[in-house]
Amino acid sequence: MKRSRRVFLRLAGSTAALAALPRLASALDYPTRPVHLVVGFAAGLSPDILARLVGQSLSERLGQQFTVDNRPGAASNIGTEVVAHAAPDGYTVLLTVSANTINASLYTNVNFNFARDLVPVAPIGRTPFVIVVNPSFPIKSVPELIEYAKTNPGKINIASAGVGTGPHVACELFKMMTGVDMVQVPYKASYMTDLLGGQIPIAFGPIAQIIQDVRAGKLNAIGVTTPTRSDAAPEIPAIAEFVPGYAASGWYGICAPTGTPDAIVEKLNAATTASVSDPNLKSRLLNLGVEPMPMSVADFRKFVAAEIAKYAKVIQFAGIKVE
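Take 2 as the starting number for the sequence shown in this note's numbering and just add one per residue.
What follows is the structure in structure tokens.
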């Protein structure tokens, strides 16, 4: 009886192993057909431009076309839902942005769960937001801003690009960590005219949008939101130099549907890492204000989980709600 049971278990194990072989072979051969790289933003915007640059490099490295599929709308939630419900075979992946980790707590009525339904594959790079000040305002550094805000609670207006956006949440994180009371003014359209004209004195904004005005002397940059100084503008101090532990970068990466085979995930991670480390692509990314941020799959998963947890606390602290 015992012998029969051992034989049965051995045969069952062999059958399971044989059944797994086609799946393993498929993963090792990946990709054998074009891959859809879904972008939750319109063509011509920064995520789309980045996806096309990285997608071209992945096409060359992996021998199949990575086709950019724009699915704009709902702060990238439309495109994210497409990938969350796609087959977990590596042929539909998402150009992930930092907003996805904010949206995970900000939106409660979506038909997917970002943390549960998508698996982080590979980071591409990070891009700082910058605190910029109109030269007419008497603030020249992050410590001066903190001191001024504490002695003038509720009297400083700060512009950002809309409720729940990366710059908005980065500003709320700054307020939470420093204990200052500043008035957040989210703009639905561009705030640059008001900022340059001095109608609003300070903004948290993307470096690519602001750096030319800083270099022209029209605005003063007092801090970047990356954990350390950015290669894109090393002359600007990191906020973390004055507020230890502060970090609220914009970033880009690739995610896939949960259940995608580990072999495919690792292959995509290796190809993405090689792409963003290539000197030519790295230079083009830096020109866009994006600093390559290669990580292993395990490290990227930890990073994304930490971002979701961090922004959940900020959203609760600030009481941020979307209309």
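Glycine included, C-beta positions come from ideal geometry on N, C-alpha and C.
If you're wondering where the values come from, they're calculated on a predicted model, not measured in any experiment.
Minimum Cα-Cα distance from F243 among the listed residues T33, S231, I223 corresponds to I223.
Within the DSSP bridge table, the entry for T68 names H37 as partners. Rounded to the nearest angstrom, the gap between the Cα atoms of M294 and R285 is 14 Å.
Annotation note: the region 182–217 contains the following uninterrupted alpha helix (DSSP H) runs of length 4 or greater, listed N- to C-terminal: 193–198, 208–216.
Proximity to A313 across L107, L59, R302 peaks at L107, based on C-alpha coordinates. The C-beta distance from A43 to N71 rounds to 6 Å, short enough to fall under 8 Å. The Cβ-Cβ distance between F130 and P238 does not fall below 8 Å. For F130, the three-state secondary structure derived from DSSP is strand. As computed with DSSP, G224 is found in a beta bridge with I132. Every alpha helix (DSSP H) stretch that sits fully inside the region 243–315 and reaches 4 residues is listed by chain position as 263–278, 280–288. With respect to the C-alpha of I50, the residue from G260, V94, G74, N288 having the closest C-alpha is N288. The alpha-carbon of S191 is positioned some 7 Å away from that of A162. Taking a cut-off of 8 Å on C-beta distances, the region 77–97 does not touch the region 185–203, as fewer than three cross pairs fall below it.
Per DSSP, the unbroken alpha helix (DSSP H) holding T152 starts and ends at 143–152. Y92 is the residue among P48, G74, A75, Y92 whose C-alpha sits nearest the C-alpha of S60. The beta carbons of A264 and I201 sit no closer together than 8 Å.
Note on geometry: alpha-carbon atoms of V83 and N110 lie some 15 Å from one another. If you check the CB distance, V55 and C256 do not come in under 8 Å.
For S161, the three-state secondary structure derived from DSSP is strand. For A239, the three-state secondary structure derived from DSSP is strand. Rounded to the nearest whole angstrom, the C-alpha separation of V134 and R117 is 40 Å. According to the DSSP assignment, L95 belongs to no alpha helix (DSSP H) but to the beta strand (DSSP E) extending over 93–98.
Beyond the five residues adjoining it in sequence on each side, A248 comes within less than 6 Å, by CB distance, of P228 in the same chain, given in chain order. In this structure G126 is not in contact with V298, their Cβ atoms being roughly 17 Å apart against a cut-off of 8 Å. Counting every other CB atom within 10 Å of its CB across the protein chains shown gives D90 a total of 16 or more, marking it as buried. According to the DSSP assignment, N78 belongs to the alpha helix (DSSP H) that extends over 78–85. Rounded to whole angstroms, V164 and V323 show a C-alpha spacing of 7 Å.
If the five residues before and after D182 are omitted, its C-beta is found closer than 6 Å to the C-beta atoms of P154, G155, all from its own chain and listed in chain order.
As DSSP reads the structure, P124 sits in a beta bridge with G254. Pairing I309 with K303, the inter-Cα distance amounts to about 10 Å. Note on geometry: alpha-carbon atoms of S231 and S250 lie some 10 Å from one another.
The alpha-carbon separation between V215 and I132 amounts to approximately 11 Å. Contact between A204 and L196 is confirmed by a C-beta separation of about 5 Å, below the 8 Å threshold. Approximately 6 Å separates the beta-carbon atoms of A85 and P258; this is inside 8 Å, confirming the contact. For L63, the three-state secondary structure derived from DSSP is helix.
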